[in-house]
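For reference, the structure is listed below as structure tokens.
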């Protein structure tokens with residue numbers, strides 16, 4: 001999954017939130033029925049998956065609260081606060097019902113959102129979501145690891161050309177520092193809600209999800225093992241499991257075509 | 270000048286290949302493989318013996334701190350050790366630097382225990398309230414990095430209010446909600462024991478110290494010589510707040526080793542210093558600085574500093590093979606040598622940085638009780654007298670010293686603010 005910047009197709013819509021918070025810079029692209037995408041651990045980006053989804057949908061990809069300025073996290077204590085914030089963003093975009101796709105931490109949030117506002121989500125796709133916990137297969141810590149190990153956990157590989165390209169920092173020093181800061185603050189905004197254990201009671205709420213749900217999982221996910229797919233599936237009313245062979249916690253990076261194809265087939269009316 | 274015997278309370282026998290075999294000295298080092306409770310029985314008793322010896326040798330204060338799951342120091346409950354010291358008839362201060370208050374819920378517990386030690390000791394407590402290090406707060410006690418400072422400020426507010434407001438009163442914090450705050454007892458010292466802050470050089474903490482007229486102690490193992498710009502940052506904050514330059518506003522921790530001669534000091538202590546520096550600094554960046562602990566401004570500041578400094582400052586290299594000269598001169602992390610050498614370097618260092626509270630670390634991890642006692646004895650006999658009264662003779666008073674700790678209390682030479690203080 002290379003980061004495809006397509007400025008002609010993608011625009012940033014600033015959604016005002018009040019309470020002294022920064023506007024949310026929602027990435028918007030494509031035409032078709034609305035689809036909200038909640039990003040994973042690498043932060044907000046218009047990537048190949050969104051590019052693909054935007055061929056059939058109008059895709060909205062918000063940032064998370066505090067991702068740019070961690071000081072704003074003072075206004076948030078719990079995942080519930082963040083889900084309500086996301087609803088503010090989604091209502092700010094004027095969306096009524098929509099498809100919801102979330103990856104990793106974004107998958108956890110998507111499940112929370114679909115449980116809190118079941119009538120708003122048409123179909124739900126969870127890609128390797130966080131949010132549950134098994135003592136016999138604990139979710140792996142992806143913070144107390146070297147940068148290479150972190151890349152390996154998140155992408156499945158650290159030293160391939162594709163991984164290096166994705167993780168490369170700009171040469172120019174100001175741009176480079178800005179990107180370093182962006183990665184740190186973006187991860188800080190995730191840890192604020194899930195450190196040290198990414199489980200915040202979602203299991204008690206999954207039964208409320210009304211949308212047909214696809215659980216899309218990288219077979220070799222080293223952060224949230226495949227076993228979790230069954231736990232999600234058994235708690236959600238209508239669901240199907242799709243395993244992407246050989247793929248990591250970020251299957252859309254390892255096998256973009258297969259992931260896009262499966263999501264599009266599932267979302268087709 | 271106040272000199273505090275500061276005990277790190279580390280594990281004294283770590284394997285030689287520790288830093289090669291394990292990723293970190295903190296958080297993840299496996300207790301079952303490395304920490305034998307029977308050995309800890311021995312070390313804890315040595316630690317307390319050494320603290321009691323420091324009291325007898327005439328140090329102005331006895332210093333303790335808090336760390337968890339850490340081999341170079343696991344003083345997991347400093348108040349327990351402090352209460353043993355508080356029971357002794359003494360006029361030395363008990364300097365707890367401190368309780369890591371973001372870790373306690375409700376932090377009322379700290380207000381209570383500190384008050385208890387202050388009562389038991391007759392008003393000899395220094396109430397250190399540090400933010401704490403990320404390996405403890407984030408790694409060991411599971412706080413999200415972005416919440417540590419918020420929890421700190423709230424805990425501080427509760428503790429100070431618990432000591433100073435008429436109770437019972439309600440406290441509605443973001444993290445702590447209490448209907449009835451009414452601690453039994455309150456401290457003997459009024460309005461409360463002196464609050465000391467400690468840290469590793471964050472601008473936020475300097476500012477907080479200056480905002481509240483607290484004293485700040487820089488705790489590191491990098492030594493007086495390398496701390497000039499760091500301490501200047503603090504003094505700049507003090508000046509910007511319109512406060513005076515009283516050296517008792519600043520504390521500093523320094524590793525010190527003394528022997529009869531410089532050569533003897535090298536022979537006796539170099540193996541322990543190499544051992545300590547190769548193991549105690551062994552904390553990977555991802556444990557030291559998780560995302561969200563530093564503010565965005567602080568990250569940008571340090572990145573830009575990196576640019577200015579050329580991002581290639583030469584470091585000590587492998588501490589396991591560092592020479593005596595590397596440690597005591599070139600990088601100056603350690604003050605070591607004959608009493609003459611040590612006294613001179615300490616005096617120069619504390620004058621240069623304007624340090625009023627010197628925390629000397631005389632027990633360095635692998636040193637046994639006998640060598641520790643030797644180091645302490647020589648220091649107390651030959652070095653301590655040279656430091657005593659250093660600032661008081663210039664007319665400075667320590668407004669941050671506990672009222673019940675009367676040891677070596679000296680009236681200032683004059684009632685006037687000295688000219689040197691005004692000149693700054």
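Protein chains in written order, with the working numbering: chain A, 1 to 269; chain B, 270 to 693. Each residue gets a CB set at the ideal place from its N, CA and C atoms; glycine is no exception. Values in this document were obtained by computation on a predicted structure and should not be read as measured data.
Scanning the segment 468-513 of chain B for uninterrupted alpha helix (DSSP H) segments of 4 residues or longer gives 472-481 and 497-509, listed from N- to C-terminal end.
According to DSSP, residue 127 of chain A shares a beta bridge with A:103 and A:216. Closer than 7 Å to the CB of residue 133 of chain A there is not a single CB belonging to chain B. At a cut-off of 7 Å between C-beta atoms, residue 188 of chain A counts as an interface residue with respect to chain B. Residue 419 of chain B places its beta carbon 7 Å or farther from that of residue 369 of chain B.
In the DSSP secondary-structure assignment, residue 17 of chain A is not bridged to any residue. Going by beta carbons, residue 488 of chain B and residue 519 of chain B fall outside the 7 Å limit.
The closest CA to that of residue 551 of chain B, considering only B:615, B:632, B:340 and B:411, is found on B:340.
Between residue 331 of chain B and residue 361 of chain B, the C-beta gap is smaller than 7 Å, which places the two residues in contact. A Cβ-Cβ separation of about 17 Å leaves residue 37 of chain A out of contact with residue 14 of chain A under the 8 Å criterion. The C-beta separation of residue 287 of chain B from residue 548 of chain B comes to about 5 Å, placing the pair in contact by the 8 Å criterion. Annotation for residue 33 of chain A: the continuous beta strand (DSSP E) segment containing it runs 33-38.
For residue 24 of chain A, the enclosing beta strand (DSSP E) covers residues 24-29. Residue 478 of chain B and residue 508 of chain B have their C-alpha atoms roughly 12 Å apart.
Against residue 70 of chain A, the close residues of chain B are 415, 561, 564 and 565, in the order they occur along the chain (beta-carbon pairs closer than 8 Å). By the 16-neighbour rule on beta-carbons within 10 angstroms, residue 46 of chain A is buried.
For residue 613 of chain B, the enclosing alpha helix (DSSP H) stretches over residues 608-622. For residue 266 of chain A, the closest C-alpha among the options A:216, A:169, A:221 and A:224 is that of A:216. For the segment 363-436 of chain B, the continuous alpha helix (DSSP H) assignments of 4+ residues that do not extend past its boundaries occur at 377-390 and 417-433, in sequence order.
In this chain, the alpha helix (DSSP H) harbouring residue 260 of chain A covers 256-267.
Looking from the CA of residue 673 of chain B, the closest CA among B:403, B:458 and B:469 belongs to B:458. Chain order gives no chain A residues near residue 298 of chain B, where near means a beta carbon separation below 9 Å; the closest approach is about 13 Å.
No Cβ of chain B is located within less than 7 Å of the beta carbon of residue 249 of chain A.
Listed along chain A are 195, 196 and 197, each with a C-beta nearer than 9 Å to that of residue 411 of chain B. Listed as beta-bridge partners of residue 12 of chain A by DSSP are A:27. Taking a cut-off of 8 Å on C-beta distances, the segment 88-103 of chain A does not touch the segment 298-306 of chain B, as fewer than three cross pairs fall below it. In the structure shown, residue 109 of chain A adopts helical secondary structure according to DSSP, grouped into three states. Around the beta carbon of residue 159 of chain A, fewer than 16 other beta carbons lie within 10 angstroms, which makes this residue exposed. As computed with DSSP, residue 272 of chain B is found in a beta bridge with B:627.
For the pair residue 599 of chain B and residue 319 of chain B, the CB atoms are not nearer than the 7 Å cut-off. Distance between residue 345 of chain B and residue 313 of chain B, taken at the CA atoms: about 12 Å.
Straight-line measurement puts the Cα of residue 210 of chain A at about 25 Å from the Cα of residue 49 of chain A. In this structure, DSSP gives residue 439 of chain B an extended state, which the three-state scheme calls strand. Distance from the Cα of residue 571 of chain B is smallest, within the candidate group A:178, A:11 and A:224, for A:178. Rounded to whole angstroms, the gap between the alpha carbons of residue 407 of chain B and residue 187 of chain A is 14 Å. With respect to chain A, the C-beta atom of residue 572 of chain B has a partner C-beta closer than 7 Å.
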